[in-house]
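A.B. asks: Below is one structure. I have some questions about it.
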Amino acid sequence: MTITAKKSNVALVTIALFVATFMAAIEGTIVSTAMPTIVGDLHGVALMNWVFSIFLLTNAIATPIYGKLADSIGRKPMFIGGIAIFIFGSVMSGLSHSMVVLIIWRAIQGIGAGSILPISNTIIADIYPLEKRAQVLGLNSSAWGIASVIAPLLGGFIVDQLSWHWIFFINLPIGLIVMVMVQLYLHEEKRSVKSRMDIGGTWWLTIMLLAVMYAFQLLGQSPIQWQIVAACFLITVIALVMFIRRERIAADPLIPMELFDNRTFVIQNMVAFLVCGFLIGYEVYLPDWTQGILGLRASMAGFAITPSSLMWIVGSFIAGKLLVRTTPHNIINLSLFFVLVGGVIMVLIPDYTPFTAFLLISVICGTGFGLTVTTSMISVQNTVKPTEIGVATSFNTLARTLGQTLMISIFGIVMNTTMLRGVRQTDGTTLKMMDKLINPMTADQLNANVLPKLRTILYQSLHNVFIVALLLILVAFVVNFAGRKKKNQRID
1 MTITAKKSNV ALVTIALFVA TFMAAIEGTI VSTAMPTIVG DLHGVALMNW VFSIFLLTNA
61 IATPIYGKLA DSIGRKPMFI GGIAIFIFGS VMSGLSHSMV VLIIWRAIQG IGAGSILPIS
121 NTIIADIYPL EKRAQVLGLN SSAWGIASVI APLLGGFIVD QLSWHWIFFI NLPIGLIVMV
181 MVQLYLHEEK RSVKSRMDIG GTWWLTIMLL AVMYAFQLLG QSPIQWQIVA ACFLITVIAL
241 VMFIRRERIA ADPLIPMELF DNRTFVIQNM VAFLVCGFLI GYEVYLPDWT QGILGLRASM
301 AGFAITPSSL MWIVGSFIAG KLLVRTTPHN IINLSLFFVL VGGVIMVLIP DYTPFTAFLL
361 ISVICGTGFG LTVTTSMISV QNTVKPTEIG VATSFNTLAR TLGQTLMISI FGIVMNTTML
421 RGVRQTDGTT LKMMDKLINP MTADQLNANV LPKLRTILYQ SLHNVFIVAL LLILVAFVVN
481 FAGRKKKNQR ID
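End of the sequence shown = 492 in full-length UniProt numbering, gap-free, step of one.
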């Protein structure tokens, strides 16, 4: 399948892909900002977490399906179709009159969002040469970091000046513009579908992902329903076995099992899984430090991780230069070193570390993230046949999504367990006080005498989270070392 864009139109296509990625990236955070207002209007606080969880679940499930369809049917129709589903789900979410209805439409929204990142990166692989591709992938990926800073400000403005409904309605004009730009400026040869969709493989993969992600959602809640968690893990194992059996006999499998015979493909996806697990801990819990311990406002806390978005682009640029000179194994070693240094600093710094230190951590980690994610994606794209680039890219995206989704639950367990133990061992403190401490707008309501005790508990909790995150990078080093070859070759 040939997909092209005239030189004069490549920039327009790239802009469209970036806007689409930013639109999907900002969705989670902007909804978080509006959630108190939504709950107050729709009266469903008990179901609040499902507004986020269902979006992640359907997004992850849809990702590999879109990857397969992008290879068999075409990038352009599947990308436009995914955007159409996303904006339809967005509009209907904005029209919701109850939390249950909102959750249903958020599921549809997630299904559409599952197309955006993998197919965007697949299109970039089609229209850009190797070195330039790394730079564009870095720019496209930076949309997530930029969204994390802009979303709270934009969400607050929309809710205050319009209403919470508009955080969903705003996707309609943006999505339509993206669809028109891709339709006009991206050219792809039409291809007749010669094979049927692997329904059996899709079914078992859906069950497996749904079970494992739901299990980790439950692990992040208190109290933990261990019977349901155990049942979910059992279903996950059964579904995995059945999925592998199905894919080995399918005429046109959803995810060809031959891909896992390629050591580079397996290693690069495992590293992406581990590093993105570290990434979510860094993005979620570093702002807790700057707000809860240093007492900075939420906007300043967001700026603590802003340099990582900029350095992500720099790291991707460096990756593009290195990929034509050395091996993915060596580049990953370099990238993991950057993340390791940032992780070690996060573990060792004292509680009242100056704000500027967090900017330095952000610069170091952001460089490592850009190097790792870009190298892993380009590596898996170049180790498969051209007809499997969509599948390979979507699987890499799925590995990164699972790394973040599963690890955020584990980090939550570590955080909550440490805080609970700290509160029990410290007189005059409660978990409700910890909630107020983390929010700088309510921290001044606490007694000045108890603040140092609460901040010590928070520091120890974050310290333990960062230790677990650091272990992920050490495991990633081991995985990358295991994947070395005696005669490594560069990517051509």
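Every residue gets a Cβ at the ideal spot worked out from N, C-alpha and C, and that includes glycine.
All figures in this text were calculated on a predicted structure; none of them were measured in a lab.
To the nearest angstrom, report how far apart Y285 and L462 are at their CA atoms.
C.D. replies: Whole-angstrom Cα-Cα distance: 7 Å.
A.B. asks: Between A147 and F22, which are expected to be in contact by the criterion C-beta below 8 Å, what is the C-beta distance as a whole number of angstroms?
C.D. replies: Contact holds; Cβ gap of about 6 Å.
A.B. asks: For P253, name the three-state secondary structure that DSSP assigns.
C.D. replies: In the structure shown, P253 sits in coil (DSSP, three-state: anything other than H, G, I, E or B).
A.B. asks: Pull up the distance between the alpha-carbon of P77 and that of G175, whole angstroms please.
C.D. replies: Distance between the alpha carbons of P77 and G175 is about 14 Å.
A.B. asks: One question on the structure: do V13 and L186 come within less than 7 Å of each other, judged by their Cβ atoms?
C.D. replies: In contact: V13 and L186 (Cβ atoms closer than 7 Å).
A.B. asks: Check whether the Cβ atoms of Q217 and S115 lie closer than 7 Å to each other.
C.D. replies: Contact: no.
A.B. asks: What separation, rounded to the nearest whole angstrom, lies between the Cα atoms of K132 and F369?
C.D. replies: Rounded to the nearest angstrom, the two C-alpha atoms are 18 Å apart.
A.B. asks: R297 lies in the alpha helix (DSSP H); which residues open and close that run?
C.D. replies: Taken as a continuous stretch (DSSP letters only), R297 belongs to no alpha helix (DSSP H), as it is neither H nor E.
A.B. asks: One question on the structure: do S309 and S142 come within less than 7 Å of each other, judged by their Cβ atoms?
C.D. replies: Cβ atoms of S309 and S142: closer than 7 Å.
A.B. asks: Between residue 498 and L402, what straight-line distance do the alpha-carbon atoms span, to the nearest angstrom?
C.D. replies: Outside the displayed span of the chain (1 to 492) sits residue 498, for which this structure offers no information.
A.B. asks: Taking the CB atoms as reference points, tell me whether I73 and T202 lie closer together than 7 Å.
C.D. replies: Against a cut-off of 7 Å, the Cβ pair of T202 and I73 comes out as no contact.
A.B. asks: Quick one: what's got a C-beta closer than 8 Å to V229's C-beta in the same chain, skipping five residues either side?
C.D. replies: Around V229: A215, L218 and L219.
A.B. asks: Once the 5 residues before and after G315 are set aside, which same chain residues still bring their CB inside 6 Å of it?
C.D. replies: Closer than 6 Å at Cβ, skipping near neighbours: T367, G370 and L371.
A.B. asks: Helix, strand or coil, according to DSSP, for N262 in the structure here?
C.D. replies: It is coil, neither helix nor strand.
A.B. asks: Measuring alpha carbon to alpha carbon, tell me which residue in V479, V19 and I345 is nearest V180.
C.D. replies: Taking only the C-alpha atoms, the option nearest V180 is V19.
A.B. asks: Tell me the rounded alpha-carbon separation between F466 and Q404.
C.D. replies: Going from the Cα of F466 to the Cα of Q404 covers about 14 Å.
A.B. asks: Taking three-plus beta-carbon pairs below 8 Å as touching, is the stretch 198-213 in contact with the stretch 245-258?
C.D. replies: Contact holds: three or more Cβ-Cβ distances are below 8 Å.
A.B. asks: State the DSSP-derived secondary structure class of I267, mapped to helix, strand or coil.
C.D. replies: Helix, per DSSP.
A.B. asks: Using a Cβ-Cβ cutoff of less than 7 Å, which residues in the same chain neighbour S120 once the five nearest sequence positions on both sides are dropped?
C.D. replies: Taken in chain order, the residues that qualify are L17, A20, T21 and N140.
A.B. asks: Tell whether a beta-carbon distance below 7 Å holds between W144 and A25.
C.D. replies: Yes.
A.B. asks: Please find out if some non-hydrogen atom of the ligand ZN comes closer than 6 Å to the beta-carbon of V479.
C.D. replies: Ligands in the displayed structure: none, and consequently the ligand ZN is not present.
A.B. asks: Do I345 and I332 have their C-beta atoms within less than 7 Å of each other?
C.D. replies: Cβ atoms of I345 and I332: not closer than 7 Å.
A.B. asks: Measuring CA to CA, which of T122, E258, R297 and L254 is closest to R75?
C.D. replies: That would be T122, whose Cα lies nearest to the Cα of R75.
A.B. asks: Could you give the distance in angstroms between the alpha-carbon of G422 and the alpha-carbon of I457?
C.D. replies: Going by the C-alpha atoms only, they are around 6 Å apart.
A.B. asks: Straight-line CA distance for residue 495 to Q109?
C.D. replies: Nothing can be reported for residue 495, as the shown portion of the chain is limited to 1 through 492.
A.B. asks: For M78, report the span of its alpha helix (DSSP H) as first-last.
C.D. replies: Segment R75 to G94, the alpha helix (DSSP H) holding M78.
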